[in-house]
Amino acid sequence: MNIKAKELSKIYGSGDNQVIALDKANLEIAANDFISIMGPSGSGKSTLLHLLSGLDKPTSGNLIYDGRDIYRFTDRELSAFRRQRIGFIFQQFNLLPVLTAKENIIMPLLLDKKQPDERYLKQLTDLLGISSRLSHLPHELSGGQQQRVAIARALIAQPDIIFADEPTGNLDSKSGGEVVEILKDIRIKMGKTLVVITHDNNIAGMAERQFVIVDGILREVAAK
Ligand code: ADP
Ligand code: MG
0 MNIKAKELSK
10 IYGSGDNQVI
20 ALDKANLEIA
30 ANDFISIMGP
40 SGSGKSTLLH
50 LLSGLDKPTS
60 GNLIYDGRDI
70 YRFTDRELSA
80 FRRQRIGFIF
90 QQFNLLPVLT
100 AKENIIMPLL
110 LDKKQPDERY
120 LKQLTDLLGI
130 SSRLSHLPHE
140 LSGGQQQRVA
150 IARALIAQPD
160 IIFADEPTGN
170 LDSKSGGEVV
180 EILKDIRIKM
190 GKTLVVITHD
200 NNIAGMAERQ
210 FVIVDGILRE
220 VAAK
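Every letter in the sequence shown is one number past the one before it in numbering that gives the first Met the number 0, and letter 164, counting from 1, is 163.
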């Protein structure tokens, strides 16, 4: 999948309260890219990731997925497109507290009235080391396990691309390290494209293309 973001801007508020959260960001993402984005708090990282993944719409600019401008989709079309083609991992996991790990993982499929492929589910949860935790509720799991459940949910529909917004930000360094290893594995073994926001120099250093964002201005700083 080829993704082109053209002059993406997001402006919040108006007049004296106006905040330019993202200022004309341009970015092209090719299949199997591994991209990291770093920047200080409030610099526009989450705004950019939400726009790139269709979670939010820009004030101006376009986002083209394989030739299709996804902001022109209806809300319904966009939600379905996101569920089927895009995985998103949040810093706070965002699991539904009343659902078991397995129910959380397969939720995106159920919303599309699909049943999980049990073999793929098994393969995925084995890879993530959570196969024996599937009947637990999120609060019965450690932070690292909750994030691995969230990663399985992001992957269950077999999307082409995974966006992760500070995926290790709520984890101790050991579980954070495990999550990073898993993300690397997923990219290589499953051939996914990976776009990660991070505060961690080590994670950023693993990426093949490194971006920095400051005051809403995105620029590429290194490519391997
Ligand atoms: P980061 O993820 O880099 O910490 P964000 O993208 O969350 O930064 O925010 C960028 C800027 O936009 C900040 O100044 C933030 O306060 C502002 N902002 C983000 N979301 C909103 C919102 N919904 N309403 C108003 N301002 C917002
Ligand atoms: Mg953020």
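Every residue, glycine too, gets a C-beta built ideally from N, C-alpha and C.
Bear in mind the structure is a predicted one, so any value in this text is a computation, not a measurement.
Check	Outcome
Let me check you understand the geometry: is the CB of G128 closer than 7 angstroms to at least one non-hydrogen atom of the ligand ADP?	no
State the Cα-Cα distance for the pair K23 and Q17, rounded to the nearest angstrom.	16 angstroms
Just list the alpha helix (DSSP H) runs in the stretch 127-202, keeping only unbroken ones of 4 residues or longer that don't cross its boundaries, in chain order.	142-154 and 172-189
Just to confirm my understanding: we take F162, look at its own chain, exclude 5 residues before and 5 after, and list those with CB closer than 6 angstroms. What are they?	L48, S52, F87 and V194
Under the criterion of a Cβ to heavy atom distance below 7 angstroms, does K44 qualify as lining the ligand MG?	yes
Does the ligand ADP have even one heavy atom less than 7 angstroms from the beta-carbon of S172?	no
Going by DSSP, name the residue or residues bridged to L77.	Its beta-bridge partners do not exist; DSSP assigns none.
Just checking Y119 against the ligand ADP - is the residue's beta carbon closer than 7 angstroms to any of the ligand's heavy atoms?	no
In the DSSP assignment, find the unbroken beta strand (DSSP E) run with L51 in it and report its ends.	No beta strand (DSSP E) contains L51, which is instead part of the alpha helix (DSSP H) from K44 to L51.
Taking 7 angstroms as the cut-off, is the beta-carbon of S40 closer than that to any non-hydrogen atom of the ligand ADP?	yes
For D199, tell me which candidate among R218, D171, V148 and T46 has the shortest Cα-Cα distance.	D171
Is DSSP giving N31 helix, strand or coil here?	coil
Roughly how many angstroms lie between the CA atoms of A206 and K191, to the nearest whole one?	13 angstroms
Thinking R132 and L140 are a contact (beta carbons under 8 angstroms), I'd like their distance in whole angstroms, please.	6 angstroms
Are the Cβ atoms of F210 and I36 separated by less than 8 angstroms?	yes
Go through the stretch 58-115 residue by residue and report every complete run of the beta strand (DSSP E) that reaches 3 residues or more, in order.	59-64 and 85-88
Do D74 and the ligand MG come close, with the Cβ less than 7 angstroms from some heavy atom?	no
Under 7 angstroms from any heavy atom of the ligand ADP, does the C-beta of V213 make it?	no
So, at 6 angstroms on beta carbons, what are the nonlocal neighbours of M106 in its own chain, with the 5 sequence-adjacent residues on each side left out?	none
Any heavy atom of the ligand MG closer than 7 angstroms to the beta-carbon of D55?	no
Give me the residue from D214, E102, L108 and P115 with the minimum Cα distance to F80.	L108
By Cβ distance below 6 angstroms, which residues in the same chain neighbour Q83 in space, the five residues on each side in sequence not counted?	A156
Throw me the rounded Cβ distance for the S13 and V213 pair, which I believe falls under 8 angstroms.	At roughly 23 angstroms, the Cβ-Cβ gap does not stay under 8 angstroms, so S13 and V213 are not in contact.
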